[in-house]
Structure formats: structure tokens, C-alpha cells
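Everything below concerns the one structure shown next.
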Amino acid sequence: MGGSTGAGKSTLVNSLVGRQVSEAGVLRPTTRTPVLVCHPEDQHWFAGMRVLPHLTRAWAPRQGGAGDDGAGRGAGGDGPGRGAGGENERVLRVETADTLPCGLALLDAPDIDSLVADNRVLAAELICAADVWVMVTTASRYADAVPWHLLRTAKEQDATLVTVLDRVPHQVVGEVSRQYGALLAKAGLGDVPRFTVPELPESAGGGGLLPATAVEPLRSWLAHRAQEPASRRQAIERTAYGVLGSLNSRMPELAGAVAAQYAAALRLTSAVDEAYESEHTRVRARLQAGAALAGDALKRWRAYPLDCGPGELLDAIAESLEALLLCAVTAADEHIDDAWRREPAARAPALARSGGRYERAPYEDGDSPEHRIGMAVRRWRRELEEYAEEEVRALDRAEKNTLPDAEVVAALLATALLGGRRARTAGETLAERIGAHGALRLRDRGGRLLTDYLDKVLGTERERRLAPLDALDVNPEPQAELIAALSVLQKER
1 MGGSTGAGKS TLVNSLVGRQ VSEAGVLRPT TRTPVLVCHP EDQHWFAGMR
51 VLPHLTRAWA PRQGGAGDDG AGRGAGGDGP GRGAGGENER VLRVETADTL
101 PCGLALLDAP DIDSLVADNR VLAAELICAA DVWVMVTTAS RYADAVPWHL
151 LRTAKEQDAT LVTVLDRVPH QVVGEVSRQY GALLAKAGLG DVPRFTVPEL
201 PESAGGGGLL PATAVEPLRS WLAHRAQEPA SRRQAIERTA YGVLGSLNSR
251 MPELAGAVAA QYAAALRLTS AVDEAYESEH TRVRARLQAG AALAGDALKR
301 WRAYPLDCGP GELLDAIAES LEALLLCAVT AADEHIDDAW RREPAARAPA
351 LARSGGRYER APYEDGDSPE HRIGMAVRRW RRELEEYAEE EVRALDRAEK
401 NTLPDAEVVA ALLATALLGG RRARTAGETL AERIGAHGAL RLRDRGGRLL
451 TDYLDKVLGT ERERRLAPLD ALDVNPEPQA ELIAALSVLQ KER
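If you're matching positions, the sequence shown starts at 1 in my numbering and goes up one per residue.
Structure (C-alpha cells):
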């Protein structure tokens with residue numbers, strides 16, 4: 001039994017059974033835990049996990065037939081099955097009723113237009129698992145898009161389908177039935193069995209049972225399909241073969257969607273790669289041109305050594321390098337944001353925090369580029385100072401008090417590496433302090449260290465931008481797997 005919110009599915013199920021087995025009421029959604037009702041002798045069919053294997057079973061106590069008073073069972077929301085599993089566990093409550101014929105099970109599914117996404121997904125799974133689809137709508141909502149989507153799906157899959165026009169006021173029964181029939185005929189569903197249930201006092205609020213005469217035509221139709229061998233086989237085979245036949249068109253469409261999804265992921269990835277490659281090239285050129293020795297760093301270098309110590313010079317150069325790297329990362333992120341805003345796939349919930357358009361989420365304080373780049377530059381400076389200390393210790397001088405200060409060597413090395421032509425004297429002074437060979441060796445090591453940290457910083461930021469996309473694990477393999485599975489299915493059939 002499927003349908004939209006307020007269609008009266010649960011009341012219809014209860015009325016077909018003859019007692020309340022599925023919760024009904026004005027609070028929406030009422031059907032949170034789906035309910036399956038069958039004859040007691042058929043209970044074993046649903047005890048195992050062959051049918052609806054992803055749903056945990058919750059068994060209701062045995063109830064009698066129509067004369068057995070089941071009042072209060074489920075109306076208050078405390079019936080069996082509610083919360084039978086964990087908070088996120090999906091549960092199927094199984095009831096038995098002697099009033100149902102053997103071979104027939106009724107499944108009350110959640111609303112197909114539920115505001116709760118999990119309910120909508122579960123409703124679709126349950127409907128697609130059934131041999132016969134009973135689509136329930138009302139006189140006020142029979143033209144809505146949601147029930148027609150279900151009807152079109154049934155037509156595409158050639159499922160055994162029956163529709164119920166519920167809660168129809170007596171004065172408009174004829175007019176509404178004719179209009180609904182015309183819509184069905186226009187959609188190619190004119191031969192679908194239709195049943196009309198009038199609006200009755202028992203329907204109000206969904207809390208009561210409809211008179212047996214109101215649902216007898218539908219009950220008889222279902223019983224005939226369950227008990228008459230030829231009709232039963234026809235209904236089951238039509239739905240089963242219809243689903244298999246629909247895969248001839250649905251699988252290629254799905255494979256095409258997988259291919260489109262992978263292509264979109266490649267475009268998003270390419271935007272990130274291109275932005276960071278461009279900024280990597282630009283920042284290397286700027287470093288080689290001495291752009292880091294600017295502003296306060298240049299001022300400190302010009303004041304060195306008379307009015308500026310080596311520690312202050314190192315601080316200023318490190319801050320300038322940090323600003324240069326941060327500028328490169330910011331520029332890359334802006335280019336990526338612009339590219340992703342033009343890409344519809346970037347609106348996926350895992351990538352964007354805005355449903356209408358791509359919008360990058362704000363950074364946490366400890367996870368900002370400023371924090372990461374600052375940490376990386378501090379580590380670079382510490383390793384550079386260690387290189388200077390190693391080179392000073394390796395000097396072969398008789399008088400230890402004539403050894404140069406390691407901090408001075410580190411400051412001169414940083415200036416020579418990052419200052420370009422403006423810092424030519426830094427390299428000359430460094431050679432005077434530790435010798436030409438030592439200065440050359442130290443500058444080679446320092447240059448490799450700077451390149452490594454540049455690659456590491458930009459590489460880390462690139463991986464950060466790609467992380468949400470990588471987490472989606474989009475790859476091309478499912479496309480080939482879908483086509484291969486369809487080929488196997490066609491051969492087996």
C-alpha cells in the first residue's frame with residue numbers, strides 16, 4: 001500500500017484486516033515503522049530474511065479475527081515494533097490476522113512524499129518489493145505530482161497495479177471518478193483496476209475502521225489474485241518480468257549517469273589541480289625574484305647588522321614567506337571557488353553548505369590556512385637553523401671562539417635564498433663567514449629544503465580542497481559493471 005501523506009493507507013489496511021494493525025491518526029507521519037499483515041499460516045514466509053532482508057523483524061502478539069477487539073494497539077504509538085531496534089535500525093512489524101486469506105500479505109508503507117528522507121527511501125524499497133502495487137490517493141490530491149510519479153514508475157516497470165481513490169465526497173463521486181479515469185487513460189493506464197472509497201465519518205482523523213462494504217470490492221480483488229492460481233501467477237510474473245524488462249532501459253541510463261558523475265568529478269578535480277599548479281609556478285617565480293625580501297623584511301635587511309639583529313631579520317623573512325604562501329593559497333582557492341560555482345555538481349551536499357549554489361564552508365580556527373602555513377614556515381625556519389648549526393660545527397678552526405654565530409649564518413642563508421639580486425651581498429658575507437665551499441653546500445641544502453616546503457605546503461592545501469571530493473569515492477568502474485551485469489541478465493533470460 002503506497003501513497004502520499006494523508007491518503008488513508010493505514011485506515012485502509014486496518015479496514016481490510018478488520019481490526020487496527022497499523023497506526024492511523026492526524027499526526028504526520030503516522031507510519032514510521034512499516035507493518036506487514038498476513039495469515040498466521042503464512043507467517044513463516046516472513047520469519048527469515050529472504051524477504052526484505054534489510055529490515056529487522058518485530059513480531060506482534062497473536063490476535064484473533066474481526067471479532068477480537070484490538071482497540072488501542074498502536075494508536076498511542078507504543079505498539080510492538082516501535083523502537084524495536086537501535087535508533088537507526090529499520091524495523092518491519094509483522095502482524096497476523098485470520099481474516100486475511102492464505103497467500104496474501106498487506107504491507108503498509110511510509111508516505112512516499114514524507115518530509116523524512118529515510119521514510120521516502122524506505123517507502124520506495126517496500127513498494128518495489130511487492131508483487132502488486134496498490135496506489136492510494138484522495139479526491140483532493142489525485143492530480144498531484146507525487147502519486148503520478150509512482151504510477152509512471154509502475155507503468156515503466158509493467159508492475160501489477162491497482163489504484164484506490166479514497167475519501168471521495170458522495171456528491172462528487174461520479175465527477176471525480178471520471179476525471180481520474182481520464183487522467184489514467186491519457187497516461188496509458190486506462191486498464192488499471194480502480195476502486196473508489198467514499199468519504200465516511202470513520203475516515204475522519206484516520207482513527208476508525210471503514211465499513212466492510214466500503215472496502216469489499218478491493219478485498220475481493222486482492223483475495224482473488226491471491227487464491228486463484230492463474231491470476232496469482234499472472235500478477236507475480238507480470239511484476240517480476242516487468243522489473244527485469246525495465247532494466248534494459250534503466251541500466252544504460254544509470255550507467256550514463258555514473259559516467260556523467262565521473263566526468264563532473266574530473267572537472268572539479270581539474271579545477272583544483274590547475275589552480276594550485278598555476279599558483280605553484282607563480283610563487284616559485286616570485287621567490288626566485290626575491291619577492292619575499294620586501295616590506296618589513298627588506299627594511300630589516302638594510303638595517304642589518306647595525307640596527308637589526310639576526311633573530312629579527314629571520315623573523316621578518318619568515319613572516320614575509322608566510323604571507324607569500326598564504327597569498328598563493330588564497331588565490332588558488334578563489335580560482336577554485338569561481339570554477340566550482342559554475343559547475344552544478346559542486347552543489348552536492350558533501351561539497352557545499354548551500355543547497356542553491358556552491359559556497360565553501362568557513363574554516364575553524366585551528367584548521368585555517370593561516371594556521372597550517374604558519375606551522376610549516378616555523379618548521380622550515382627551525383630546520384634551516386639546524387643546517388646552519390651543523391655547518392658551523394663542521395668548520396675546522398683551531399680557535400673555537402672564532403667560529404661564526406649559527407644564528408647569523410641562518411639569517412644570511414635565509415636572506416640569500418629568498419632575497420634575489422637585492423640580497424647578493426648576503427651570499428658574499430656568508431662565504432666570508434664559513435668559506436666558499438661551505439656556503440655553496442649550505443645554499444644547495446637550503447634551496448632543496450625551501451623547494452620541499454613549498455611543494456609540501458601547496459600540496460597539503462590542494463589535498464585539503466580535494467578531500468571532500470575524494471570522500472565521495474567517485475570512479476568509472478560502476479559504469480562498466482552495470483553494463484556487464486545487464487549483459488549477463490540478458491543472456492540468462
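Glycine is no exception: its CB is placed at the ideal position from the N, C-alpha and C atoms.
Between His39 and the rest of its own chain, which residues show a CB-CB distance below 6 Å, the 5 nearest in sequence each way excluded?
Closer than 6 Å at the Cβ level, and outside the excluded window around His39, lie Leu100, Cys102.
Proximity of Arg225 and Val197 at Cβ, strictly below 8 Å
No, Cβ-Cβ distance for Arg225 and Val197 is not below 8 Å.
Per DSSP, what kind of secondary structure is Gly242 in: helix, strand or coil?
In the three-state reduction of the DSSP assignment, Gly242 falls in the helix class.
Inspect the beta-carbon positions of Trp380 and Tyr276 and report whether they are closer than 8 Å.
The beta carbons of Trp380 and Tyr276 sit no closer together than 8 Å.
Please confirm whether Ser15 and Glu23 have their CB atoms less than 8 Å apart.
By the CB criterion at 8 Å, Ser15 and Glu23 fall outside the cutoff.
Whole-number beta carbon distance between Pro193 and Gly3, since they are thought to touch under 8 Å:
Distance from Gly3 to Pro193 at the Cβ level is roughly 16 Å; contact not present, criterion being Cβ atoms closer than 8 Å.
Identity of the residue in Tyr180, Ser140, Thr163, Glu156 nearest Glu199 by Cα
In terms of CA proximity to Glu199, Ser140 leads the group Tyr180, Ser140, Thr163, Glu156.
Quick check on DSSP: helix, strand or coil for Asp473?
Correct three-state label for Asp473: coil.
For Leu540, which residues from the same chain have a beta carbon less than 7 Å from its beta carbon, with the 5 sequence-adjacent residues on both sides left out?
Any property of residue 540 remains undetermined from this structure, which presents the chain solely from 1 to 493.
Touching by the beta-carbon criterion (3+ pairs, under 8 Å), the segment 448 to 468 and the segment 235 to 243:
Taking 8 Å as the limit for Cβ pairs, the verdict is that the segment 235 to 243 does not touch the segment 448 to 468.
What number of angstroms, rounded off, separates the C-alpha of Ala263 from the C-alpha of Leu189?
Their backbone Cα atoms lie some 38 Å apart in a straight line.
7 Å Cβ shell around Gly446 - same chain, five flanking residues per side excluded:
Cβ neighbours of Gly446 beyond the five flanking positions: Leu384, Tyr387, Leu413, Leu417.
Going by DSSP, what residues sit across from Glu95 in a beta bridge?
Paired residue(s): Val37.
What does the Cβ neighbour count give for Val488, buried or exposed, with the cut at 16 atoms within 10 Å?
Val488 is exposed by the Cβ-count criterion.
Taking all protein chains shown into account, decide if Glu237 is buried (16 or more other Cβ within 10 angstroms of its Cβ) or exposed.
Under this definition Glu237 is an exposed residue.
Report the option in Arg250, Gly48, Ala423, Leu115 whose CA atom is closest to the CA atom of Ala485.
Ranking Arg250, Gly48, Ala423, Leu115 by CA distance to the CA of Ala485 puts Arg250 first.
Return the CA-CA distance between Gly76 and Leu209, expressed in angstroms with no decimal places.
Caution applies to Gly76, whose pLDDT of 34 falls short of 50 and renders its modelled position unreliable; the model cannot decide the point.
Go to Arg329, then tell me how far its alpha helix (DSSP H) extends in each direction, as first and last residue.
Sequence inspection shows Val at residue 329; the Arg mentioned does not correspond to that position. Counting along the chain, the alpha helix (DSSP H) containing Val329 begins and ends at 310 to 341.
Nonlocal neighbours in the same chain, by C-beta distance under 6 Å from Pro310, ignoring five residues either side
Only Glu407, Val408, Ala411 meet the Cβ criterion.
His170 versus Gln20: straight-line alpha-carbon distance, rounded:
Distance between the alpha carbons of His170 and Gln20: 25 Å.
Uninterrupted beta strand (DSSP E) stretches inside the segment 129 to 209 (no shorter than 3 residues)
Within the segment 129 to 209, the complete beta strand (DSSP E) runs of at least 3 residues are 132 to 138, 160 to 168, 194 to 198.
Roughly how many angstroms lie between the CA atoms of Met1 and Arg90, to the nearest whole one?
C-alpha separation (whole angstroms): 18 Å.
Once DSSP output is grouped into helix, strand and coil, what is the label at Thr5?
DSSP places Thr5 in coil when its eight states are reduced to three.
Can you check the segment 383 to 409 for any alpha helix (DSSP H) of at least 4 residues that lies completely inside it and give the ranges in chain order?
You should have found no qualifying run.
Mapping the DSSP letters down to three states, classify Ala58 as helix, strand or coil.
If DSSP states are grouped into helix, strand and coil, Ala58 belongs with the strands.
Is it right to say Asp111 is buried, meaning 16 or more other beta carbons lie within 10 angstroms of its own, or is it exposed?
Buried: at least 16 other Cβ atoms inside 10 Å.
Cβ-Cβ distance between Leu183 and Ala143 below 8 Å:
With contacts defined as CB atoms closer than 8 Å, Leu183 and Ala143 qualify as a contacting pair.
Reference Ala331, options Ser278, His437, Asn119, closest by Cα:
Nearest of Ser278, His437, Asn119 to Ala331, Cα basis: Ser278.
For Arg536 and Leu298, what's the separation of their Cα atoms in angstroms?
Absent from the model: residue 536. The displayed extent of the chain is 1 to 493, so no value can be given.
Alpha carbon to alpha carbon, how far is Ala426 from Gly435? Give it in angstroms, no decimals.
Cα to Cα, Gly435 sits roughly 13 Å from Ala426.
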